[in-house]
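*Asks:*
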Amino acid sequence: MSCDAVASAAVLWLAAMAPGDAMKPELSMPPPAVALEPLFADIVRRAGVLKAEVEAFRSGGKALPADFAQKVAELSELDMKGHFTLAERGTDGDLKCILKGIAEDLPVKLAALKMAATPEARAEALTDMAYLLNDNVEVITAPPQPAA
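All residue numbers for the sequence shown refer to the numbering used here, where the first residue is 513 and numbers rise by one.
1) Helix, strand or coil for P655? Go by DSSP, reduced to three states.
2) Quick one: Cα of T630 to Cα of E600, how far?
3) Assign R557 to buried or exposed, taking buried as 16 or more other Cβ atoms, counted over all protein chains shown, within 10 Å of its Cβ.
4) Once DSSP output is grouped into helix, strand and coil, what is the label at K574?
5) In whole angstroms, what is the alpha-carbon distance linking E589 and A615?
6) Tell me which residues share the same chain as A581 and place their Cβ nearer than 7 Å to its Cβ, disregarding the 5 neighbours each side in the sequence.
7) Should P602 be labelled buried (16 or more other beta-carbon atoms within 10 Å of its own) or exposed?
Here it is as structure tokens:
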């Protein structure tokens, strides 16, 4: 299966879940080992911070920071670095492909947010960005699932 197909399937699967469902792993399931590595832990941290900023803006509490676009670009680069790291190891095909998809989607969602001319379009762009940032956290921290 191509990376694009895997990434699309993962995004649809995660979007269908209630927010935070994947963040409630069974107590007996340890986090995946990759989530503990510095690169991937940094991706999770940055995506979580950006999502909190988007949520604060959506609720009307504060404006998006001036450096928001730069932070999104940096996260996109880290996601692609994670993709290449996993590709070099020859392991974890799904996560590798999903990270590539997120790296490619972040600039697209950012552009949609910048171009949103109406409150409705801005709300939709913010929702899409929040979901993608949440997916970025969940795909790395979700406990391993048995093969289907």
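A virtual CB, placed ideally from N, CA and C, is assigned to each residue, including glycine.
This one's a predicted model, so the numbers in the text were calculated from it and none came from an experiment.
*Replies:* Judging by the given coordinates:
1) coil
2) 43 Å
3) exposed
4) coil
5) 7 Å
6) L622
7) Before going further, note that residue 602 is Gly rather than Pro in the sequence given. The residue is exposed, with fewer than 16 neighbouring Cβ atoms inside 10 Å.
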